[in-house]
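Student:
2 protein chains.
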Amino acid sequence: MIKKFSDKDLDEIRISGKDIYDGCLLHVMKDRVKLPDGKESEREFIRHPGAVAVVPVLDDGRIVLVKQCRYPLNTVMWEIPAGKLDHGAENLEDCARRELSEETGYEAKEWRFLCSIATTPGFSDEIIHLFEAKGLTAHAQHTDEDEFIGVQAFTWEEINNMICRGELFDAKSICAFHALEIKK
Amino acid sequence: MIKKFSDKDLDEIRISGKDIYDGCLLHVMKDRVKLPDGKESEREFIRHPGAVAVVPVLDDGRIVLVKQCRYPLNTVMWEIPAGKLDHGAENLEDCARRELSEETGYEAKEWRFLCSIATTPGFSDEIIHLFEAKGLTAHAQHTDEDEFIGVQAFTWEEINNMICRGELFDAKSICAFHALEIKK
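Chains as they are written, first to last, in our numbering: chain F, 828 to 1011; chain U, 828 to 1011.
#1: Here's a check: name, in chain order, each residue in its chain whose Cβ is nearer than 7 Å to the Cβ of residue 1003 of chain F, leaving out the five neighbours to either side.
#2: Find the residues of chain F that neighbour residue 922 of chain U, judging by a C-beta separation of less than 8 Å, and give them in chain order.
#3: Taking 7 Å as the CB-CB limit, is residue 868 of chain F close to chain U?
#4: Looking at the C-beta of residue 951 of chain F, does it have a partner C-beta in chain U at a distance below 7 Å?
#5: Please tell me whether residue 951 of chain U and residue 873 of chain U are closer than 7 Å, where the distance is taken between their beta carbons.
#6: Which residue from F:894, F:959, F:846, F:837 puts its Cα closest to that of residue 1010 of chain F?
#7: Below 8 Å on the Cβ atoms is my guess for residue 896 of chain F versus residue 838 of chain U; work out the distance and round it to an integer in Å.
#8: Going by beta-carbon coordinates alone, are residue 934 of chain F and residue 976 of chain F separated by less than 7 Å?
#9: Quick one: using the 10 Å Cβ neighbour count with 16 as the cut-off for buried, is residue 910 of chain F buried or exposed?
#10: Report the rounded CA-to-CA distance for residue 844 of chain U versus residue 854 of chain F, giving the unit in angstroms.
#11: Is there a Cβ from chain F that is less than 7 Å from the Cβ of residue 849 of chain U?
#12: Could you tell me whether the Cβ atoms of residue 932 of chain F and residue 871 of chain U are closer together than 7 Å?
#13: Just curious, the beta strand (DSSP E) that residue 942 of chain U is in, first and last residue?
#14: Keeping to the same chain, check which residues put their C-beta closer than 7 Å to that of residue 893 of chain U; ignore five residues upstream and five downstream.
#15: Quick check on DSSP: helix, strand or coil for residue 1007 of chain U?
#16: From this set, F:955, F:864, F:884, which residue's C-alpha is nearest residue 986 of chain F's C-alpha?
#17: Hey, how far is the Cα of residue 899 of chain U from the Cα of residue 833 of chain F?
#18: Please report the straight-line C-alpha distance between residue 891 of chain F and residue 1007 of chain F, rounded to a whole angstrom.
#19: Report buried or exposed for residue 953 of chain F, applying the criterion of at least 16 other Cβ atoms within 10 angstroms of its Cβ.
#20: Where residue 995 of chain U and residue 904 of chain U are concerned, what is the direct C-alpha to C-alpha distance, given to the nearest angstrom?
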């Protein structure tokens, strides 16, 4: 979990705020804040329920990735399986199990929490909780109605090459690989 | 740079779209799309100009981090220096030089591009371009009017411990550390 901290020389204090847009996915807020020097400014940001992401490690050491269209970027992308928390209050490991199962069909015996990350602290409050899943067994993929997802396993060497060549550029996936590396 | 790709079994095709909210920082879009099975759905997302982030490496190997209030998360955070591209069209290395200088006061002789990352492909098109900066010399910090930033150098061991303890949880920073590791 992340450890928040306060620093009187840097803190920004909320004066007032309003909801700007409440969409299906995006909730935009605009707050007036007091800066550390006493002046005022505005902060626009997105409220997000939070998410989980999973590095699924096969018994032979290969990593299972999913590929899906990421419409905002107009491309198909390779990523680790992930999904939003239901209303932000769901148990993290339950959510990780569900997303792994839905997107890849895999179920895992061993779960390990790696770390949590802030994806875009400048403009959203999204936190993604990262897990490692081992002891995998294959079942049927069962995605949401508007989700279309391909599944493939890669060696670590292949994944590192994909990152270096710009073919795997998803931030949460790269963070999870780094957390696995430093928590070996 | 990232390599976009297309896959006819996964692609989502734009039918129509509209601007939902055009703020100081956030630009919200809502597009109607055709899914791979021919059905239709809606995609809400944030247009972002893109950004750069820099790992500043001192001659003794320590890494320079900045701490600043991240209002959406209601916390002060440790991160590598970073900043948005002006209108998305600025030269990447020029932007990296400016942000490093503004936020930390350091100027660097040696620059190396590491990789680019998509921070939140599910709901924005933000791409952050990551650089390593070496051959650092200290000058005066000169932040924007509403920016308050602390600066401190850490060893790799300290940084890895901070990640493991949840004290450094910024995605772009962790991605940059991983890229440095695999591109050594």
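Glycine residues also receive a C-beta, built at the ideal position from the N, C-alpha and C atoms.
Everything numeric in this text was worked out from a predicted model, so none of it was measured.
Tutor: Reading from the atomic positions:
#1: 880, 882, 907, 941, 957, listed in sequence order.
#2: Simply none; closest approach about 15 Å.
#3: The beta-carbon of residue 868 of chain F is placed less than 7 Å from the nearest beta-carbon of chain U.
#4: With respect to chain U, the C-beta atom of residue 951 of chain F has a partner C-beta closer than 7 Å.
#5: Going by C-beta atoms, residue 951 of chain U is nearer than 7 Å to residue 873 of chain U.
#6: Checked all of F:894, F:959, F:846, F:837; the closest Cα to residue 1010 of chain F is F:959.
#7: Confirmed, about 6 Å.
#8: Taking a C-beta distance under 7 Å as the contact criterion, residue 934 of chain F and residue 976 of chain F do not qualify as a contact pair.
#9: Sixteen is the threshold: when 16 or more other Cβ atoms of the shown chains lie within 10 Å of the Cβ of residue 910 of chain F, as they do, the residue is buried.
#10: Straight-line Cα distance between these residues: approximately 18 Å.
#11: Using a CB distance cut-off of 7 Å, residue 849 of chain U does not count as an interface residue toward chain F.
#12: No, the pair does not count as a contact, with Cβ atoms beyond the cut-off.
#13: Note, residue 942 of chain U: beta strand (DSSP E), 933-945.
#14: Spatial neighbours of residue 893 of chain U in its own chain (CB-CB distance under 7 Å, excluding positions within 5 residues in sequence) are listed in chain order as 906, 908, 930, 931, 976, 977, 978.
#15: DSSP places residue 1007 of chain U within a helical segment (H, G or I) once states are collapsed to three.
#16: The residue from F:955, F:864, F:884 with its alpha-carbon nearest to that of residue 986 of chain F is F:884.
#17: For the pair residue 899 of chain U and residue 833 of chain F, the Cα-to-Cα distance works out to about 14 Å.
#18: Rounded to the nearest angstrom, the gap between the Cα atoms of residue 891 of chain F and residue 1007 of chain F is 14 Å.
#19: Buried: at least 16 other Cβ atoms inside 10 Å.
#20: Rounded to the nearest angstrom, the two C-alpha atoms are 7 Å apart.
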